[in-house]
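Engineer: Respectively, the protein sequence lines represent chains A and B. Residue numbers for the first sequence follow numbering that gives the first Met the number 0, so the first one is 0 and each next one is one higher. Residue numbers for the second sequence follow numbering that gives the first Met the number 0, so the first one is 0 and each next one is one higher. Cβ coordinates follow ideal geometry from the N, Cα and C atoms, glycine included. Keep in mind it's a predicted model, so treat the numbers as computed, not measured.
There are 2 protein chains.
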Amino acid sequence: MKAHPPCVILDAPQLAENIGAVARAMANFGLSDLRLVRPRDGWPQPRAWPAASGAESVLEAARVFDTLPHAIADLTLVLATTARPREAGLPVMTPREAAAKLAGLGGEARSGLLFGGERAGLETADVALCQGIITIPVDPARRSLNLGQAVIINAYEWRMTFDDRAPQNFPPPTPSASGEALMGLYEQLEAELDTSGFFHPPEKREAMVRNLRAALGKAGFTDQEVRTLRGVVTALSRGRGKVLAKIAAARAAATGRGDSAED
Amino acid sequence: MKAHPPCVILDAPQLAENIGAVARAMANFGLSDLRLVRPRDGWPQPRAWPAASGAESVLEAARVFDTLPHAIADLTLVLATTARPREAGLPVMTPREAAAKLAGLGGEARSGLLFGGERAGLETADVALCQGIITIPVDPARRSLNLGQAVIINAYEWRMTFDDRAPQNFPPPTPSASGEALMGLYEQLEAELDTSGFFHPPEKREAMVRNLRAALGKAGFTDQEVRTLRGVVTALSRGRGKVLAKIAAARAAATGRGDSAED
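#1: Should LEU289(A) be flagged as near chain B, meaning a C-beta pair shorter than 8 Å?
#2: Just verifying my parser: in three-state terms, what is the DSSP assignment at LEU128(B)?
#3: Please state whether DSSP places ALA140(B) in a helix, a strand or coil.
#4: On the DSSP bridge list, what partners appear for ASP10(A)?
#5: Of all the CB atoms in chain A, is at least one closer than 8 Å to the CB of ASP222(B)?
#6: Beta-carbon separation of TYR185(A) and ARG212(A) under 8 Å?
#7: From the DSSP output, in three-state form, read off SER259(A) for me.
#8: Taking Cβ positions only, does GLY106(A) come closer than 8 Å to chain B?
#9: Would GLU59(A) be called buried (16 or more neighbouring beta carbons within 10 Å of its own) or exposed?
#10: Taking Cβ-Cβ distances below 9 Å as the criterion, which residues of the segment 113–143 of chain B are in contact with chain A?
#11: Tell me which residue opens and which closes the beta strand (DSSP E) that ASN209(A) is part of.
#12: Our contact map puts GLN187(B) next to ARG229(B) with C-beta atoms below 8 Å; I'd like the distance itself, whole angstroms only.
#13: Closer than 8 Å by beta-carbon distance: list the chain A residues that pair up with THR75(B), in chain order.
#14: According to the Cβ coordinates, are THR66(B) and ARG109(B) closer than 8 Å?
#15: Indicate whether at least one CB of chain A lies closer than 8 Å to the CB of THR93(B).
#16: Where does ARG250(A) land, buried or exposed, given buried means 16+ other C-beta within 10 angstroms?
#17: List the residues of chain A whose Cβ lies closer than 7 Å to the Cβ of ASN27(B), in chain order.
#18: List the whole-angstrom C-beta distance separating ALA50(B) from ALA20(B), where the pair is believed to meet the contact cut-off of C-beta under 8 Å.
#19: In the segment 81–115 of chain B, which residue ranges form an unbroken beta strand (DSSP E) of at least 3 residues, counting only runs that do not cross its ends?
#20: Throw me the rounded Cβ distance for the LEU89(A) and VAL126(A) pair, which I believe falls under 8 Å.
#21: Got a sec: is the Cβ-Cβ distance from SER52(A) to anything in chain B below 8 Å?
#22: Can you tell me which residues form a DSSP beta bridge with ALA79(B)?
#23: Pull out every residue of the segment 151–163 of chain A whose Cβ sits closer than 8 Å to any Cβ of chain B, in chain order.
#24: Helix or strand or just coil, what does DSSP make of ARG118(A)?
#25: Does the beta-carbon distance from VAL63(B) to LEU35(B) come in below 8 Å?
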């Protein structure tokens with residue numbers, strides 16, 4: 000049985016736009032339970048809605064709490080995201096490790112991801128109410144993560160625990176052409192290149208053919224692409240034939256004119 | 000030898016604030032090479048700077064290109080992020096798979112992550128210039144990712160290829176107390192509980208002790224925590240003693256008063 004998606008708890012968030020961005024990030028990865036502890040400007044705040052950009056349902060279902068203990072009363076596992084050293088003595092984990100822990104919860108157990116306000120972050124007393132600390136492996140030179148971005152990385156890792164493959168709205172990849180089809184292309188190409196005098200000097204032909212085949216083979220052409228390339232070779236060869244024919248015709252005409260001029 | 004960090008290419012980005020947010024997301028995970036192809040409002044745009052929130056160096060080093068081919072001219076591997084089905088026939092991968100591919104590039108090879116503009120996304124002709132498609136496993140009901148958030152998930156996955164452990168700015172976890180120390184706590188507690196008459200009926204004592212020890216053992220107390228808890232047990236026991244002493248004293252006093260009243 001799949002674990003319940005974690006809720007997201009924002010402790011003393013400041014900007015309504017950030018609350019909206021958090022809602023959007025949650026909806027992107029299938030989270031829906033947003034809890035606000037003492038939002039600075041009260042709730043609801045109209046400015047959150049444009050930032051949610053379609054995730055209105057998350058904002059409309061958001062609940063406000065006056066204390067963190069009230070907000071997490073029904074949760075059996077709460078992990079706090081913070082980049083600051085703590086003396087709490089709690090296990091420290093990456094978002095990936097945290098997601099595995101959340102996903103491993105069984106049955107009806109409910110979990111939460113706790114984030115501090117934009118300026119102050121989480122207080123040590125708040126962290127002490129949690130069962131673990133999530134810390135995102137940011138560049139030490141640039142630790143400050145936007146609230147919505149801290150949320151989305153955790154929401155993404157949660158979703159990756161059960162949906163770690165590319166969405167299936169892409170057409171299935173077309174298989175590569177068979178060795179036989181490829182060989183047909185190679186042989187046609189090489190025959191035309193023989194005609195063109197491309198393989199020079201002759202003793203290097205074998206190595207040149209080998210290198211050419213290896214280079215083309217790396218592309219993993221599909222059957223359709225092989226057909227297209229055979230057409231390309233044909234067109235180039237015929238084009239060359241046409242050019243030669245034109246030159247011959249022009250020469251013949253010139254000769255003819257010469258002849259007639261001599262008449 | 001570690002691969003170069005990928006550059007980030009924004010094709011026809013619209014909002015300067017989003018370009019700033021992208022710069023901030025890049026800096027959070029150690030990326031620094033930002034390339035803008037035909038930014039709608041020109042470049043530089045003052046409104047990008049506040050959104051970058053400290054990642055000014057990325058914005059200041061950003062380069063502007065008039066076409067995508069110019070922007071990717073020096074790159075040997077370019078992966079396009081898009082949530083839309085394409086007929087390009089390119090390999091489709093998650094950000095995690097993409098990061099592994101980027102990190103696997105050897106030597107001086109340069110790579111890039113391509114993102115489309117906010118409204119239109121990438122054109123098929125742009126995608127055809129890339130070697131693969133990254134698609135983020137979003138909830139099918141809410142596909143639309145903010146530009147900065149699409150960038151940060153990829154930047155995060157890039158960094159996780161070589162920095163997938165919690166930062167070491169946390170104090171190392173204190174080891175759990177030894178079995179001997181734990182047993183000292185258990186035995187003290189159980190002796191006090193015997194005194195209190197907690198284990199009732201007596202034939203259940205063994206199971207009650209076992210359950211209590213198992214419950215406390217799960218916490219993995221440190222030595223300091225064991226000392227603190229032994230103090231707690233002592234305080235509760237002495238407190239109980241004090242209460243009993245007070246009751247006895249009160250009774251004695253009452254008896255005394257009673258005696259004297261009879262005098």
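Structural biologist: By the coordinates alone:
#1: The requested residue 289(A) does not occur in the structure, where chain A is confined to residues 0 to 262.
#2: Of the three classes helix, strand and coil, the one that applies to LEU128(B) here is coil, per DSSP.
#3: DSSP places ALA140(B) in the coil class of the three-state scheme, outside both helix and strand.
#4: Note: ASP10(A) sits in a beta bridge opposite VAL36(A).
#5: Closer than 8 Å: no.
#6: Yes, they are a contact pair.
#7: Only weak support is given to the placement of SER259(A): the predicted model assigns it a pLDDT of 42, under 50, and the value that follows is read from those uncertain coordinates. Looking at SER259(A) - three-state DSSP - the assignment turns out to be helix.
#8: At a cut-off of 8 Å between C-beta atoms, GLY106(A) does not count as an interface residue with respect to chain B.
#9: Counting Cβ neighbours within 10 Å, GLU59(A) comes out exposed, since fewer than 16 surround it.
#10: Residues passing the 9 Å Cβ filter: ILE132, ILE133, THR134, ILE135, PRO136, VAL137, ASP138, PRO139, ALA140, ARG141, ARG142 and SER143.
#11: Contrary to the premise, residue 209(A) reads as Arg rather than Asn in this sequence. No beta strand (DSSP E) contains ARG209(A), which is instead part of the alpha helix (DSSP H) from 204–216.
#12: Rounded, the Cβ-Cβ distance is 6 Å, consistent with contact.
#13: Within 8 Å Cβ-Cβ: nothing; THR75(B) doesn't reach chain A, min ~13 Å.
#14: Pairing THR66(B) with ARG109(B) gives a Cβ-Cβ distance that is not under 8 Å.
#15: Residue contact check for THR93(B) against chain A: a CB pair falls below 8 Å.
#16: Exposed is the call here.
#17: Neighbours of ASN27(B) on chain A, chain order: VAL137, ASP138, ARG141 and LEU144.
#18: ALA50(B) to ALA20(B), Cβ: 5 Å. Contact.
#19: Entirely contained in the segment 81–115 of chain B, the beta strand (DSSP E) runs reaching 3 residues are, in chain order, 110–114.
#20: Beta-carbon to beta-carbon, LEU89(A) and VAL126(A) are separated by about 7 Å, close enough to satisfy the 8 Å threshold.
#21: Interface flag for SER52(A) against chain B is set, since a Cβ pair is found closer than 8 Å.
#22: Looking at the DSSP assignment, ALA79(B) forms a beta bridge with LEU113(B) and ILE132(B).
#23: Taking a C-beta cut-off of 8 Å against chain B, the contacting residues of the segment 151–163 of chain A are ILE151, ILE152, TYR155, ARG158, MET159, ASP162 and ASP163, listed in chain order.
#24: Three-state DSSP puts ARG118(A) in coil, outside helix and strand.
#25: In this structure, LEU35(B) lies closer than 8 Å to VAL63(B) by Cβ.
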